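**Q** The structure is given below, and queries will be raised subsequently.
Residue numbers (the working numbering): 3 to 422.
Below, the structure is given as structure tokens:
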């Protein structure tokens, strides 16, 4: 049964169940006209899925999405960055824990806030690309099933109430990820940076945010001067409104170059630490040495080998909240004492997506090298370090280093000329 705390209100629930029933029947009827052949591992199984409605007729099942479902492999120019960490999980033996686990990683790497129910509901329709909103849901649906390949089969096998239950379990897992990431980063962040005054002993969140000298500078919008007493007071008193589009200083690697805001953007040390903490493990973020462990940590569990814009935005959003004085991370309410983190996350994603092609490639290449570049591939042992692939990877790293040094020298020269 779905978790009672996740059930919608009675009115919205009735409307949603009616709509879900209608969608379910359309998808089921379409699929049953030409049902795909069941896989050999499922043909002889007599075990019932925990999600199948006992009052409904059994549905044919397949390890592959049916024809009426948009496959994540139809997504253009997208690399499959995930592999199913539980290849032996099928519709017949899937558990709630499986869905909760998938919901956790889904929220971290792609869908931090969006309502999962309509994404599943609309994504399974053939005509999901007719309208703008449905096109967005279809895109998100492709990403969802790249994380949860069993989702289409589960929905079709579970009966009319199954979609709502599956969405609720995924959302429950996503919420657990938010809570865990926030609480563990709170407990570890003082090891990433020497805050003055120290924050590991701070008793209340009201002493953080703009009321903390060092954190206030980090959270100060990039186009404002924290050292200006009038600006600092306005931020502390709440008289200066901070919008979701006001990105903080902490997101930049070094001082902001006003002629090129993208220089160092989303390369801040604490953003990287937050990412390592979430996707590799706390020890990777706490490590102060230059050589990290070759253990891939949390990322390896779900087959993650590529850094994405959404994952960077997720880590940055969690970091921004941890540094703030707000007690709860709200989606989008602009009521007093809360801040619209959903809008903030979306602004980050859209800004990175809108970057110049070269700038974006440089940013993602930098992230890829920073997070995964230090880890050995399972095939890169002592015997093949002189292989062409290994030599090319080493050469690529040298090129990145040279390019970074040249750009730094050019920037320094330009700055010197301006001050001359």
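Glycine is no exception: its CB is placed at the ideal position from the N, C-alpha and C atoms.
Source: prediction; values computed, not measured.
Pick helix, strand or coil for residue 246, following the three-state DSSP scheme.
**A** Coil, per DSSP.
**Q** Can residue 97 be considered in contact with the ligand FMN, in the sense that its beta carbon sits closer than 6 Å to one or more heavy atoms?
**A** Within the structure as shown, the ligand FMN is missing, as the structure has no ligands at all.
**Q** What's the gap between the Cα of residue 164 and the Cα of residue 328?
**A** So the alpha carbons of these two residues sit roughly 36 Å apart.
**Q** Taking DSSP as the reference, what is the three-state secondary structure of residue 254?
**A** Residue 254 falls in the strand class under three-state DSSP.
**Q** Could you tell me the alpha carbon to alpha carbon distance between residue 372 and residue 406, rounded to whole angstroms?
**A** Cα to Cα, residue 372 sits roughly 13 Å from residue 406.
**Q** Measuring alpha carbon to alpha carbon, tell me which of 410, 283 and 330 ends up nearest residue 374.
**A** Closest by alpha carbon: 283.
**Q** Whose C-beta lies closer than 7 Å to the C-beta of residue 107 among residues of the same chain, with five residues either side of it excluded?
**A** For residue 107, where only same-chain residues beyond five positions count, the Cβ hits under 7 Å are 149 and 304.
**Q** Let me check understanding here. Comparing Cα to Cα, which of 312, 320, 267 and 181 lies closest to residue 365?
**A** Closest option to residue 365, Cα to Cα, is 267.
**Q** Which stretch, first to last residue, makes up the alpha helix (DSSP H) that contains residue 265?
**A** Per DSSP, residue 265 belongs to no alpha helix (DSSP H) and is neither H nor E.
**Q** Mind reading off the beta-carbon distance from residue 281 to residue 311? Whole number of angstroms is fine, and I expect it under 8 Å.
**A** Actually they are not in contact, since the Cβ atoms of residue 281 and residue 311 sit about 14 Å apart, beyond 8 Å.
**Q** Out of 322, 156, 222 and 269, state which residue places its alpha-carbon closest to the alpha-carbon of residue 240.
**A** When only C-alpha atoms are compared, the closest one is 222.
**Q** Would you kindly report the start and end of the unbroken alpha helix (DSSP H) that includes residue 103?
**A** 98-111 is the span of the alpha helix (DSSP H), which, as asked, contains residue 103.
**Q** Is it true that the CB of residue 145 sits closer than 7 Å to the CB of residue 112?
**A** Cβ atoms of residue 112 and residue 145: closer than 7 Å.
**Q** Note down, in chain order, each residue of its chain lying with its Cβ closer than 8 Å to the Cβ of residue 189, except the 5 sequence neighbours on either side.
**A** There are no such residues.
**Q** Examine the Cβ distances between the segment 237-257 and the segment 341-348 and report whether three or more of them are shorter than 8 Å.
**A** A contact exists between the segment 237-257 and the segment 341-348.
**Q** Considering only the alpha carbon of each residue, which of 152, 220, 224 and 398 lies closest to residue 258?
**A** Of 152, 220, 224 and 398, the residue nearest in Cα terms is 224.
**Q** Ordered along the chain, which non-local residues of its own chain (more than five positions away) have a Cβ less than 7 Å from that of residue 213?
**A** Excluding sequence neighbours, residue 213 sits near 238 and 327.
**Q** What would DSSP say about residue 342, mapped onto helix, strand or coil?
**A** Correct three-state label for residue 342: coil.
**Q** Consult DSSP for residue 154 and reduce its assignment to one of helix, strand or coil.
**A** Reduced to three states, the DSSP call for residue 154 is helix.
**Q** Which value, in whole angstroms, describes the spacing of the CA atoms of residue 357 and residue 351?
**A** For residue 357 and residue 351, the distance between alpha carbons rounds to 10 Å.
**Q** Within the 7 Å Cβ cut-off, does residue 281 reach chain B?
**A** Annotation note: the requested chain B is absent from the structure, which comprises a single protein chain.
**Q** Beta-carbon separation of residue 433 and residue 171 under 7 Å?
**A** The first residue shown for the chain is 3 and the last is 422, placing residue 433 beyond what the model contains.
**Q** Might you give, ordered along the chain, the residues of its own chain that have their beta carbon closer than 6 Å to the beta carbon of residue 277, omitting 5 neighbours on each side?
**A** Closer than 6 Å at the Cβ level, and outside the excluded window around residue 277, lie 317.
**Q** Three-state secondary structure (DSSP) at residue 199?
**A** Of the three classes helix, strand and coil, the one that applies to residue 199 here is coil, per DSSP.
**Q** What does the alpha-carbon distance come out to for the pair residue 411 and residue 91?
**A** Between residue 411 and residue 91, the C-alpha separation is close to 53 Å.
**Q** In its own chain, which residues sit with a C-beta less than 6 Å from the C-beta of residue 85, not counting the 5 before and 5 after it?
**A** Low confidence applies here, because residue 85 scores a pLDDT of 40, under 50, leaving its location unreliable; read the following figure in that light. Contacts found: 305.
**Q** Which partner residues does residue 284 have in the DSSP bridge list?
**A** Answer is none; residue 284 lacks a bridge partner.
**Q** Excluding sequence positions up to five away, which residues of its chain have a Cβ less than 6 Å from the Cβ of residue 109?
**A** Excluding sequence neighbours, residue 109 sits near 176 and 179.
**Q** Quick check on the DSSP output: the alpha helix (DSSP H) that includes residue 363 runs from which residue to which?
**A** 359-374 is the span of the alpha helix (DSSP H), which, as asked, contains residue 363.
**Q** Any idea which residues DSSP pairs residue 231 with across the strands?
**A** Paired residues: none, contrary to the question.
**Q** Which residue's Cα is closest to the Cα of residue 115: 319, 262 and 99?
**A** Selected option, being the one with the closest Cα: 319.
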